[in-house]
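Notes for the one structure printed next.
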Amino acid sequence: MKPAFKTSLLKLALIGALFYTSYGLSNHYAASLAYVPEIAFAWERGIPFWAWTIVPYWSLNLMYAAAFFLCRNACEQNRYVARLLAAQIVATICFMLFPLHFGWPKPPTDGLWGWLFDSLVAFDLPYNQAPSLHIALAVIVGAFYWMRFPKIRLPIFLWQSLIALSVLTTYQHHFIDVPTGALLGWLVLWAIPQHGVSPFRRPFGTQGRLKTSEASFCEAKTNAVSFARTSEASFREAKTSPETRSREIKIAMLYLAGAVLSALPSLFGGAWLWMLWVSVSLSVVAFAYLTGNAAVFQKQADGRLSAAATILLLPYLAGVRLNMAHWLSGKVKTAQVRDGVWIGSVSGISDDLSAVLDVCAEYPCPRYRGACRVLPLLDMVAPSENDLVQAALLLEALRRQHGKVLTCCALGYGRSAAVVLTWLLVYGGCRDLAQATAELKQARPQMMLPPETAKAVEAAAGCLKTSAVSFAKTSEASSSEAKTNKASFCDANRDS
(Lines of atoms letter the chains of each structure in order from A and count residues from 1; the text may use other names and numbers.)
(Lines give C-alpha, C1' and ligand atoms only; values in the text may rest on other atoms or scores of the structure.)
Protein backbone atom coordinates (compact mmCIF):
# COMPACT_ATOMS: atom_id res chain seq x y z
CA MET A 1 0.00 0.00 0.00
CA LYS A 2 1.27 3.46 -0.90
CA PRO A 3 2.32 5.42 2.20
CA ALA A 4 -0.04 8.20 3.28
CA PHE A 5 0.90 11.73 2.24
CA LYS A 6 1.17 12.86 5.87
CA THR A 7 3.47 9.95 6.70
CA SER A 8 5.72 10.74 3.76
CA LEU A 9 5.76 14.43 4.66
CA LEU A 10 6.67 13.65 8.27
CA LYS A 11 9.54 11.37 7.25
CA LEU A 12 10.83 13.99 4.82
CA ALA A 13 10.70 16.65 7.53
CA LEU A 14 12.58 14.47 10.02
CA ILE A 15 15.25 13.37 7.55
CA GLY A 16 15.58 16.93 6.23
CA ALA A 17 16.03 18.28 9.75
CA LEU A 18 18.70 15.68 10.47
CA PHE A 19 20.45 16.50 7.19
CA TYR A 20 20.68 20.25 7.74
CA THR A 21 21.51 19.91 11.44
CA SER A 22 24.33 17.39 11.05
CA TYR A 23 25.65 19.03 7.88
CA GLY A 24 25.70 22.43 9.54
CA LEU A 25 27.37 21.17 12.70
CA SER A 26 30.21 19.49 10.83
CA ASN A 27 30.65 22.61 8.68
CA HIS A 28 30.90 24.88 11.71
CA TYR A 29 33.21 22.45 13.48
CA ALA A 30 35.64 22.57 10.54
CA ALA A 31 35.36 26.36 10.42
CA SER A 32 36.40 26.55 14.08
CA LEU A 33 39.69 24.74 13.45
CA ALA A 34 42.93 26.69 13.08
CA TYR A 35 43.96 24.72 10.01
CA VAL A 36 41.90 22.67 7.55
CA PRO A 37 43.81 21.03 4.67
CA GLU A 38 42.84 21.11 1.01
CA ILE A 39 43.48 18.23 -1.42
CA ALA A 40 43.54 19.09 -5.12
CA PHE A 41 45.40 17.88 -8.20
CA ALA A 42 47.24 20.33 -10.44
CA TRP A 43 45.17 19.34 -13.48
CA GLU A 44 41.99 20.48 -11.70
CA ARG A 45 42.98 24.06 -12.49
CA GLY A 46 41.79 23.31 -16.00
CA ILE A 47 38.23 22.46 -14.93
CA PRO A 48 35.92 25.18 -16.29
CA PHE A 49 33.38 27.02 -14.17
CA TRP A 50 29.94 26.55 -15.74
CA ALA A 51 27.44 28.64 -13.84
CA TRP A 52 24.45 26.94 -15.48
CA THR A 53 25.36 23.59 -13.89
CA ILE A 54 24.08 24.97 -10.60
CA VAL A 55 20.66 23.87 -11.94
CA PRO A 56 21.42 20.13 -12.04
CA TYR A 57 23.35 20.59 -8.79
CA TRP A 58 20.25 22.00 -7.06
CA SER A 59 17.92 19.51 -8.78
CA LEU A 60 19.19 16.73 -6.55
CA ASN A 61 17.39 18.40 -3.64
CA LEU A 62 14.09 18.21 -5.50
CA MET A 63 14.64 14.59 -6.53
CA TYR A 64 15.67 13.75 -2.97
CA ALA A 65 12.41 15.13 -1.56
CA ALA A 66 10.08 13.92 -4.34
CA ALA A 67 11.19 10.32 -3.88
CA PHE A 68 9.46 10.21 -0.47
CA PHE A 69 6.11 10.68 -2.22
CA LEU A 70 6.86 8.35 -5.13
CA CYS A 71 7.45 5.23 -3.03
CA ARG A 72 4.98 2.47 -3.88
CA ASN A 73 4.85 0.97 -0.40
CA ALA A 74 6.17 1.40 3.12
CA CYS A 75 8.96 -1.14 2.60
CA GLU A 76 10.34 0.81 -0.35
CA GLN A 77 10.10 4.06 1.57
CA ASN A 78 11.78 2.65 4.68
CA ARG A 79 14.63 1.27 2.56
CA TYR A 80 15.08 4.69 0.96
CA VAL A 81 15.08 6.40 4.36
CA ALA A 82 17.57 3.89 5.76
CA ARG A 83 19.93 4.52 2.86
CA LEU A 84 19.74 8.29 3.29
CA LEU A 85 20.37 7.98 7.02
CA ALA A 86 23.32 5.64 6.54
CA ALA A 87 24.97 7.96 4.02
CA GLN A 88 24.38 11.02 6.20
CA ILE A 89 25.81 9.41 9.33
CA VAL A 90 28.92 7.99 7.65
CA ALA A 91 29.62 11.21 5.74
CA THR A 92 29.23 13.36 8.86
CA ILE A 93 31.67 11.15 10.78
CA CYS A 94 34.19 11.50 7.94
CA PHE A 95 33.73 15.29 7.86
CA MET A 96 34.49 15.48 11.57
CA LEU A 97 37.45 13.09 11.54
CA PHE A 98 39.05 14.29 8.29
CA PRO A 99 37.94 17.89 7.66
CA LEU A 100 38.85 19.37 4.28
CA HIS A 101 38.00 22.62 2.57
CA PHE A 102 37.62 24.09 -0.91
CA GLY A 103 39.63 27.30 -1.18
CA TRP A 104 39.30 28.34 -4.82
CA PRO A 105 37.33 31.54 -5.46
CA LYS A 106 34.20 31.27 -7.61
CA PRO A 107 33.77 33.67 -10.54
CA PRO A 108 30.96 36.21 -10.03
CA THR A 109 27.48 35.19 -11.21
CA ASP A 110 24.22 37.06 -11.65
CA GLY A 111 20.66 36.45 -12.73
CA LEU A 112 19.09 33.09 -11.98
CA TRP A 113 22.47 31.39 -11.66
CA GLY A 114 23.63 34.05 -9.21
CA TRP A 115 20.48 33.67 -7.11
CA LEU A 116 20.94 29.89 -6.93
CA PHE A 117 24.58 30.27 -5.90
CA ASP A 118 23.63 32.84 -3.25
CA SER A 119 20.98 30.45 -1.90
CA LEU A 120 23.63 27.75 -1.63
CA VAL A 121 26.09 30.00 0.21
CA ALA A 122 23.36 30.92 2.70
CA PHE A 123 23.64 27.53 4.46
CA ASP A 124 26.80 25.96 3.02
CA LEU A 125 30.42 26.60 3.94
CA PRO A 126 33.48 25.48 1.93
CA TYR A 127 33.99 22.40 4.11
CA ASN A 128 32.36 18.93 4.23
CA GLN A 129 34.36 17.84 1.22
CA ALA A 130 35.35 14.16 1.20
CA PRO A 131 33.44 12.00 0.72
CA SER A 132 31.14 14.24 -1.27
CA LEU A 133 27.71 13.75 0.27
CA HIS A 134 26.24 15.24 -2.89
CA ILE A 135 27.78 12.44 -4.96
CA ALA A 136 26.74 9.76 -2.45
CA LEU A 137 23.17 11.04 -2.51
CA ALA A 138 23.23 11.24 -6.31
CA VAL A 139 24.04 7.51 -6.35
CA ILE A 140 21.35 6.64 -3.79
CA VAL A 141 18.63 8.90 -5.19
CA GLY A 142 19.54 7.88 -8.73
CA ALA A 143 19.21 4.21 -7.76
CA PHE A 144 15.70 4.89 -6.45
CA TYR A 145 14.56 6.50 -9.70
CA TRP A 146 16.35 3.83 -11.75
CA MET A 147 14.27 1.11 -10.08
CA ARG A 148 11.08 3.17 -9.88
CA PHE A 149 10.97 4.25 -13.53
CA PRO A 150 12.61 1.53 -15.67
CA LYS A 151 11.26 2.98 -18.95
CA ILE A 152 13.28 6.19 -18.65
CA ARG A 153 16.54 4.83 -17.31
CA LEU A 154 18.73 6.46 -19.93
CA PRO A 155 17.52 10.02 -19.13
CA ILE A 156 17.87 9.24 -15.42
CA PHE A 157 21.44 8.04 -15.90
CA LEU A 158 22.37 11.07 -18.01
CA TRP A 159 20.86 13.53 -15.53
CA GLN A 160 22.56 11.89 -12.54
CA SER A 161 25.84 12.00 -14.47
CA LEU A 162 25.30 15.72 -15.02
CA ILE A 163 24.67 16.15 -11.29
CA ALA A 164 27.95 14.36 -10.58
CA LEU A 165 29.78 16.61 -13.04
CA SER A 166 28.21 19.72 -11.53
CA VAL A 167 30.02 19.32 -8.19
CA LEU A 168 33.24 20.10 -10.10
CA THR A 169 31.97 22.72 -12.55
CA THR A 170 30.27 24.76 -9.81
CA TYR A 171 33.51 24.75 -7.79
CA GLN A 172 31.89 23.00 -4.85
CA HIS A 173 34.28 20.04 -4.67
CA HIS A 174 37.72 18.87 -5.69
CA PHE A 175 38.07 15.67 -7.68
CA ILE A 176 39.14 13.52 -4.71
CA ASP A 177 35.67 14.07 -3.23
CA VAL A 178 33.92 12.50 -6.23
CA PRO A 179 35.19 8.88 -6.15
CA THR A 180 35.07 8.84 -2.35
CA GLY A 181 31.47 10.05 -2.45
CA ALA A 182 30.61 7.45 -5.07
CA LEU A 183 32.24 4.80 -2.89
CA LEU A 184 30.05 5.83 0.03
CA GLY A 185 26.93 5.72 -2.13
CA TRP A 186 27.67 2.26 -3.53
CA LEU A 187 28.62 0.93 -0.09
CA VAL A 188 25.25 2.06 1.24
CA LEU A 189 23.40 0.42 -1.67
CA TRP A 190 25.39 -2.76 -1.04
CA ALA A 191 24.73 -2.72 2.71
CA ILE A 192 20.99 -2.03 2.25
CA PRO A 193 20.21 -3.94 -0.96
CA GLN A 194 17.15 -3.65 -3.16
CA HIS A 195 16.61 -7.42 -3.15
CA GLY A 196 17.69 -10.22 -0.85
CA VAL A 197 19.42 -10.10 2.47
CA SER A 198 21.95 -7.57 3.76
CA PRO A 199 25.56 -8.80 3.74
CA PHE A 200 25.59 -8.08 7.46
CA ARG A 201 23.01 -10.79 8.13
CA ARG A 202 23.34 -14.58 8.13
CA PRO A 203 19.77 -15.87 8.09
CA PHE A 204 20.12 -19.58 8.89
CA GLY A 205 23.72 -20.16 9.96
CA THR A 206 24.94 -21.72 6.69
CA GLN A 207 26.73 -19.67 4.05
CA GLY A 208 24.48 -16.68 4.64
CA ARG A 209 21.97 -17.47 1.93
CA LEU A 210 18.24 -17.31 2.17
CA LYS A 211 16.74 -20.71 1.49
CA THR A 212 15.97 -21.47 -2.11
CA SER A 213 12.38 -20.42 -2.54
CA GLU A 214 9.62 -22.98 -2.38
CA ALA A 215 8.54 -21.82 -5.81
CA SER A 216 11.80 -23.07 -7.28
CA PHE A 217 11.10 -26.55 -5.97
CA CYS A 218 7.39 -26.54 -6.73
CA GLU A 219 7.99 -26.28 -10.45
CA ALA A 220 9.13 -29.89 -10.76
CA LYS A 221 6.24 -31.36 -8.74
CA THR A 222 8.19 -34.44 -7.73
CA ASN A 223 8.44 -36.45 -4.52
CA ALA A 224 11.88 -34.94 -3.99
CA VAL A 225 10.31 -31.50 -4.15
CA SER A 226 7.62 -32.42 -1.67
CA PHE A 227 10.35 -33.74 0.61
CA ALA A 228 12.24 -30.47 0.28
CA ARG A 229 9.19 -28.51 1.35
CA THR A 230 8.24 -30.70 4.28
CA SER A 231 11.79 -31.18 5.55
CA GLU A 232 13.20 -27.68 5.09
CA ALA A 233 12.92 -26.82 8.79
CA SER A 234 15.18 -29.72 9.74
CA PHE A 235 18.11 -28.17 7.86
CA ARG A 236 17.93 -24.64 9.23
CA GLU A 237 20.25 -25.26 12.12
CA ALA A 238 23.14 -26.66 10.05
CA LYS A 239 26.43 -25.27 11.34
CA THR A 240 29.78 -24.78 9.66
CA SER A 241 32.35 -27.33 10.84
CA PRO A 242 35.36 -26.07 12.87
CA GLU A 243 37.73 -27.14 10.06
CA THR A 244 35.77 -25.21 7.45
CA ARG A 245 35.47 -22.19 9.73
CA SER A 246 39.22 -22.21 10.31
CA ARG A 247 39.83 -22.30 6.56
CA GLU A 248 37.39 -19.44 5.98
CA ILE A 249 39.29 -17.30 8.48
CA LYS A 250 42.66 -18.14 6.90
CA ILE A 251 41.37 -17.17 3.45
CA ALA A 252 39.91 -13.97 4.92
CA MET A 253 43.30 -13.08 6.39
CA LEU A 254 44.97 -13.61 3.01
CA TYR A 255 42.50 -11.30 1.31
CA LEU A 256 42.93 -8.72 4.08
CA ALA A 257 46.68 -8.87 3.57
CA GLY A 258 46.09 -8.33 -0.13
CA ALA A 259 43.86 -5.36 0.66
CA VAL A 260 46.57 -3.77 2.81
CA LEU A 261 49.29 -4.36 0.21
CA SER A 262 47.04 -2.97 -2.53
CA ALA A 263 46.51 0.20 -0.53
CA LEU A 264 50.22 0.90 -0.03
CA PRO A 265 50.87 2.30 -3.56
CA SER A 266 48.21 4.94 -2.90
CA LEU A 267 50.72 6.61 -0.58
CA PHE A 268 52.51 7.83 -3.71
CA GLY A 269 49.39 9.82 -4.61
CA GLY A 270 48.28 10.67 -8.12
CA ALA A 271 46.96 7.81 -10.22
CA TRP A 272 48.16 5.36 -7.57
CA LEU A 273 45.15 6.41 -5.49
CA TRP A 274 43.01 4.18 -7.73
CA MET A 275 44.68 1.22 -6.04
CA LEU A 276 42.36 1.97 -3.13
CA TRP A 277 39.56 0.54 -5.30
CA VAL A 278 41.46 -2.75 -5.43
CA SER A 279 41.90 -2.57 -1.67
CA VAL A 280 38.18 -2.00 -1.09
CA SER A 281 37.34 -4.86 -3.46
CA LEU A 282 39.59 -7.32 -1.64
CA SER A 283 38.30 -6.10 1.72
CA VAL A 284 34.75 -6.97 0.66
CA VAL A 285 35.87 -10.48 -0.32
CA ALA A 286 37.71 -10.82 2.99
CA PHE A 287 34.49 -9.84 4.76
CA ALA A 288 32.63 -12.61 2.91
CA TYR A 289 35.05 -15.25 4.20
CA LEU A 290 35.41 -13.73 7.65
CA THR A 291 31.65 -14.02 8.13
CA GLY A 292 31.26 -17.18 6.05
CA ASN A 293 28.59 -15.31 4.14
CA ALA A 294 28.04 -15.87 0.42
CA ALA A 295 25.35 -13.15 0.47
CA VAL A 296 28.17 -10.58 0.48
CA PHE A 297 28.50 -11.12 -3.29
CA GLN A 298 24.77 -10.42 -3.73
CA LYS A 299 24.15 -12.88 -6.53
CA GLN A 300 20.61 -12.40 -7.79
CA ALA A 301 18.03 -14.96 -8.94
CA ASP A 302 19.01 -14.34 -12.58
CA GLY A 303 22.65 -15.17 -11.86
CA ARG A 304 23.88 -11.58 -12.00
CA LEU A 305 25.53 -9.70 -9.14
CA SER A 306 23.81 -6.58 -7.84
CA ALA A 307 24.98 -3.31 -9.36
CA ALA A 308 26.53 -2.23 -6.05
CA ALA A 309 28.43 -5.51 -5.62
CA THR A 310 29.61 -5.34 -9.24
CA ILE A 311 31.00 -1.81 -8.80
CA LEU A 312 32.69 -2.55 -5.48
CA LEU A 313 34.12 -5.89 -6.64
CA LEU A 314 35.11 -4.90 -10.17
CA PRO A 315 38.91 -5.23 -9.66
CA TYR A 316 38.40 -8.59 -7.95
CA LEU A 317 36.05 -9.78 -10.71
CA ALA A 318 38.70 -8.94 -13.29
CA GLY A 319 41.12 -11.13 -11.36
CA VAL A 320 38.58 -13.97 -11.17
CA ARG A 321 38.06 -13.79 -14.92
CA LEU A 322 41.80 -13.99 -15.59
CA ASN A 323 42.10 -16.91 -13.17
CA MET A 324 39.29 -18.76 -14.95
CA ALA A 325 40.90 -18.15 -18.33
CA HIS A 326 44.22 -19.52 -17.04
CA TRP A 327 42.90 -22.73 -15.47
CA LEU A 328 40.46 -23.48 -18.29
CA SER A 329 42.93 -22.80 -21.09
CA GLY A 330 42.94 -25.78 -23.45
CA LYS A 331 40.27 -27.61 -21.45
CA VAL A 332 36.58 -28.19 -22.06
CA LYS A 333 34.34 -25.87 -20.08
CA THR A 334 31.52 -28.39 -19.60
CA ALA A 335 31.28 -32.19 -19.54
CA GLN A 336 28.46 -34.73 -19.44
CA VAL A 337 28.28 -36.98 -16.37
CA ARG A 338 24.98 -38.76 -17.01
CA ASP A 339 22.04 -38.29 -19.33
CA GLY A 340 20.71 -34.87 -18.40
CA VAL A 341 23.46 -34.14 -15.86
CA TRP A 342 26.38 -31.91 -16.87
CA ILE A 343 29.15 -30.24 -14.89
CA GLY A 344 31.36 -27.29 -15.76
CA SER A 345 32.34 -23.66 -15.50
CA VAL A 346 29.94 -20.75 -15.25
CA SER A 347 31.69 -19.38 -18.34
CA GLY A 348 30.45 -22.44 -20.27
CA ILE A 349 26.77 -21.55 -19.96
CA SER A 350 25.05 -21.42 -23.35
CA ASP A 351 21.50 -21.38 -24.65
CA ASP A 352 21.64 -25.01 -25.78
CA LEU A 353 21.31 -26.00 -22.11
CA SER A 354 17.79 -26.55 -20.83
CA ALA A 355 18.59 -25.50 -17.27
CA VAL A 356 21.47 -24.28 -15.10
CA LEU A 357 22.16 -24.78 -11.41
CA ASP A 358 24.70 -22.09 -10.50
CA VAL A 359 26.59 -22.54 -7.21
CA CYS A 360 29.27 -19.91 -7.96
CA ALA A 361 28.87 -17.03 -5.50
CA GLU A 362 31.57 -14.67 -6.73
CA TYR A 363 31.11 -14.45 -10.49
CA PRO A 364 28.01 -13.59 -12.56
CA CYS A 365 26.32 -15.84 -15.08
CA PRO A 366 26.39 -14.78 -18.72
CA ARG A 367 23.00 -13.84 -20.13
CA TYR A 368 21.00 -17.03 -20.49
CA ARG A 369 17.46 -17.71 -21.72
CA GLY A 370 16.86 -21.09 -20.05
CA ALA A 371 15.84 -21.97 -16.50
CA CYS A 372 18.46 -20.73 -14.04
CA ARG A 373 18.57 -21.51 -10.34
CA VAL A 374 21.17 -19.99 -8.03
CA LEU A 375 22.53 -21.39 -4.75
CA PRO A 376 25.70 -19.34 -4.09
CA LEU A 377 28.54 -21.12 -2.28
CA LEU A 378 31.90 -19.69 -1.26
CA ASP A 379 34.94 -20.87 -3.21
CA MET A 380 37.81 -22.86 -1.65
CA VAL A 381 35.82 -23.96 1.42
CA ALA A 382 33.69 -27.05 1.96
CA PRO A 383 29.94 -26.59 1.45
CA SER A 384 27.79 -27.43 4.44
CA GLU A 385 25.61 -30.53 4.55
CA ASN A 386 22.61 -28.22 4.33
CA ASP A 387 23.94 -26.58 1.16
CA LEU A 388 24.52 -29.91 -0.56
CA VAL A 389 21.11 -31.27 0.44
CA GLN A 390 19.39 -28.28 -1.14
CA ALA A 391 21.60 -28.39 -4.23
CA ALA A 392 21.05 -32.11 -4.84
CA LEU A 393 17.29 -31.75 -4.43
CA LEU A 394 17.19 -28.85 -6.84
CA LEU A 395 19.43 -30.60 -9.37
CA GLU A 396 17.10 -33.61 -9.42
CA ALA A 397 14.03 -31.40 -9.70
CA LEU A 398 15.55 -29.47 -12.62
CA ARG A 399 16.63 -32.69 -14.34
CA ARG A 400 13.14 -34.17 -14.15
CA GLN A 401 11.51 -31.04 -15.46
CA HIS A 402 14.02 -29.79 -18.04
CA GLY A 403 16.12 -32.81 -18.99
CA LYS A 404 19.56 -31.28 -19.51
CA VAL A 405 21.03 -29.46 -16.49
CA LEU A 406 24.47 -27.90 -16.06
CA THR A 407 25.74 -27.63 -12.49
CA CYS A 408 28.44 -24.97 -12.55
CA CYS A 409 30.88 -23.04 -10.39
CA ALA A 410 33.86 -20.91 -11.41
CA LEU A 411 35.88 -23.77 -12.94
CA GLY A 412 33.62 -26.78 -12.56
CA TYR A 413 36.20 -28.53 -10.39
CA GLY A 414 35.13 -27.99 -6.77
CA ARG A 415 31.71 -26.80 -5.62
CA SER A 416 29.84 -28.18 -8.62
CA ALA A 417 31.68 -31.49 -8.20
CA ALA A 418 30.45 -31.75 -4.60
CA VAL A 419 26.87 -31.18 -5.73
CA VAL A 420 27.05 -33.74 -8.54
CA LEU A 421 28.69 -36.31 -6.23
CA THR A 422 25.83 -35.90 -3.76
CA TRP A 423 23.35 -36.37 -6.60
CA LEU A 424 25.16 -39.51 -7.83
CA LEU A 425 25.00 -41.05 -4.37
CA VAL A 426 21.31 -40.28 -3.86
CA TYR A 427 19.78 -40.43 -7.33
CA GLY A 428 22.51 -41.90 -9.54
CA GLY A 429 22.70 -45.35 -7.98
CA CYS A 430 26.34 -45.14 -6.86
CA ARG A 431 26.94 -47.44 -3.89
CA ASP A 432 29.59 -45.26 -2.23
CA LEU A 433 31.63 -42.09 -2.61
CA ALA A 434 34.56 -43.91 -4.21
CA GLN A 435 32.37 -45.16 -7.06
CA ALA A 436 30.76 -41.75 -7.52
CA THR A 437 34.17 -40.04 -7.55
CA ALA A 438 35.55 -42.49 -10.11
CA GLU A 439 32.59 -41.88 -12.40
CA LEU A 440 32.82 -38.10 -12.07
CA LYS A 441 36.57 -38.13 -12.73
CA GLN A 442 35.96 -39.80 -16.07
CA ALA A 443 33.89 -36.79 -17.10
CA ARG A 444 35.86 -34.12 -15.21
CA PRO A 445 39.42 -35.35 -14.51
CA GLN A 446 40.38 -32.04 -12.87
CA MET A 447 37.72 -32.31 -10.15
CA MET A 448 38.90 -31.87 -6.56
CA LEU A 449 37.49 -33.43 -3.41
CA PRO A 450 39.19 -32.24 -0.19
CA PRO A 451 38.55 -34.40 2.90
CA GLU A 452 36.21 -31.85 4.50
CA THR A 453 34.11 -31.67 1.33
CA ALA A 454 33.99 -35.47 1.12
CA LYS A 455 32.58 -35.56 4.66
CA ALA A 456 29.90 -33.03 3.74
CA VAL A 457 28.96 -35.00 0.60
CA GLU A 458 28.58 -38.26 2.51
CA ALA A 459 26.62 -36.55 5.29
CA ALA A 460 24.27 -34.84 2.83
CA ALA A 461 23.71 -38.06 0.86
CA GLY A 462 23.05 -39.99 4.06
CA CYS A 463 20.61 -37.35 5.24
CA LEU A 464 18.70 -37.43 1.96
CA LYS A 465 18.57 -41.22 1.82
CA THR A 466 17.40 -41.51 5.43
CA SER A 467 14.79 -38.81 5.00
CA ALA A 468 13.60 -40.33 1.72
CA VAL A 469 13.06 -43.68 3.45
CA SER A 470 11.17 -41.97 6.28
CA PHE A 471 9.14 -40.05 3.72
CA ALA A 472 8.32 -43.27 1.84
CA LYS A 473 7.29 -45.06 5.05
CA THR A 474 5.11 -42.13 6.07
CA SER A 475 3.48 -42.08 2.63
CA GLU A 476 2.94 -45.85 2.73
CA ALA A 477 1.40 -45.66 6.20
CA SER A 478 -0.87 -42.82 5.11
CA SER A 479 -1.92 -44.81 2.04
CA SER A 480 -2.68 -47.93 4.12
CA GLU A 481 -4.68 -45.88 6.59
CA ALA A 482 -6.66 -44.33 3.76
CA LYS A 483 -7.43 -47.79 2.31
CA THR A 484 -8.53 -49.04 5.74
CA ASN A 485 -10.81 -46.06 6.22
CA LYS A 486 -12.25 -46.56 2.75
CA ALA A 487 -12.94 -50.26 3.45
CA SER A 488 -14.59 -49.41 6.76
CA PHE A 489 -16.75 -46.83 5.04
CA CYS A 490 -17.82 -49.38 2.37
CA ASP A 491 -18.62 -51.98 5.04
CA ALA A 492 -20.71 -49.47 6.91
CA ASN A 493 -22.62 -48.62 3.74
CA ARG A 494 -23.34 -52.33 3.06
CA ASP A 495 -24.58 -52.84 6.63
CA SER A 496 -26.92 -49.89 6.28
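In the numbering used here, the protein residues as written are 3 to 498. Even for Gly, the Cβ is constructed at its ideal location relative to N, Cα and C.
Do you know how far the Cα of K4 is from the Cα of F100? Cα-Cα distance, rounded: 40 Å.
Alpha carbon to alpha carbon, how far is A303 from Q90? Give it in angstroms, no decimals. 31 Å
Just reading off the beta strand (DSSP E) that R375 is part of, what are its end residues? 373-379
Using only alpha-carbon positions, find the residue among I345, G350, L355 that is nearest to S331. Out of I345, G350, L355, G350 has the C-alpha closest to the C-alpha of S331.
In chain order, which continuous runs of the alpha helix (DSSP H) of length 4 or greater are located wholly inside the segment 308-343? Qualifying alpha helix (DSSP H) stretches, in chain order: 309-330.
In this structure, does DSSP put A296 in helix, strand or coil? helix
Return the residue from the list L423, D341, E245 that minimises the CA-CA distance to H404. D341
Report the rounded CA-to-CA distance for G416 versus M382, giving the unit in angstroms. 8 Å
Buried or exposed for S134, please, with buried defined as at least 16 other CB atoms from any protein chain shown within 10 angstroms of its CB. Burial of S134 is indicated by the presence of at least 16 other C-beta atoms within 10 angstroms of its C-beta.
Exposure of S121, with buried meaning 16 or more beta-carbon neighbours within 10 Å: exposed
A320 to E46 span [Cα, whole Å]: 30 Å
Through-space distance from I17 to L11, alpha-carbon basis: 10 Å
Give me the Cα-Cα distance between Q162 and W188, rounded to the nearest whole angstrom. 14 Å
Taking the C-alpha atoms as reference points, what is the distance between W279 and P317? 7 Å
8 Å contact criterion, which L62 and L139 should meet: CB distance rounded: Sure, about 6 Å apart at Cβ, within 8 Å.
Minimum C-alpha distance to L191 - residue among I158, Y59, E40, G144: G144
Bounding residues of the beta strand (DSSP E) (the contiguous stretch that carries L408): 407-411
Among the candidates A273, G272, L269, I253, whose CA atom is the shortest distance from the CA of V286? I253
Nearer than 6 Å: is that true of the beta carbon of F71 relative to any heavy atom of the ligand HEM? By its list of ligands, the structure shown contains no ligand whatsoever, and the ligand HEM lies outside what it can speak to.
From E364, E40, F146, P152, residue whose alpha carbon lies closest to that of L86: F146
For R74, which option in F7, V38, A259 has the closest C-alpha, if you only look at C-alpha atoms? F7
Using the Cβ count rule (16 or more neighbours within 10 Å means buried), how would you classify S281? buried
Around the Cβ of D126, are there at least 16 other Cβ atoms within 10 angstroms (buried) or fewer (exposed)? Residue burial annotation: D126 is exposed, with fewer than 16 other C-beta atoms found within 10 angstroms of its C-beta.
If S283 sits next to L314, beta carbons under 8 Å apart, how far is it from one beta carbon to the other, in whole angstroms? 6 Å
Which listed residue (R306, Y22, N130, G464) has its alpha carbon closest to that of I95: N130
Specify, as a first and last residue, the run of the beta strand (DSSP E) that C362 falls within. 357-362
Beta-carbon within less than 7 Å of A53's beta-carbon, same chain only, minus the 5 sequence neighbours each way: which residues are those? Excluding sequence neighbours, A53 sits near T111, W115.
Thinking just about the alpha-carbon of each residue, which of L292, E441, G431 is nearest to the one in T242? L292
Within the same chain, show all residues whose beta-carbon is closer than 6 Å to that of G372, passing over the 5 residues directly before and after it, in chain order. L355, S356, A357
Which of the three DSSP states, helix, strand or coil, is assigned to S352? coil
Do L186 and V298 count as a contact pair if the criterion is CB distance below 7 Å? no
Unbroken stretches of the alpha helix (DSSP H), 4 residues or longer, contained in the segment 35-103: Within the segment 35-103, the complete alpha helix (DSSP H) runs of at least 4 residues are 56-72, 76-99.
Would the segment 259-273 and the segment 163-181 be scored as touching if the rule is three or more Cβ pairs under 8 Å? no
Could you compute how far the alpha carbon of T55 sits from the alpha carbon of C410? 49 Å
To which residues of the same chain is Q79 closer than 6 Å at the C-beta, ignoring the five residues directly before and after it? P5, C73
For I345, does the count of other Cβ atoms within 10 angstroms reach 16, so buried, or fall short, so exposed? buried
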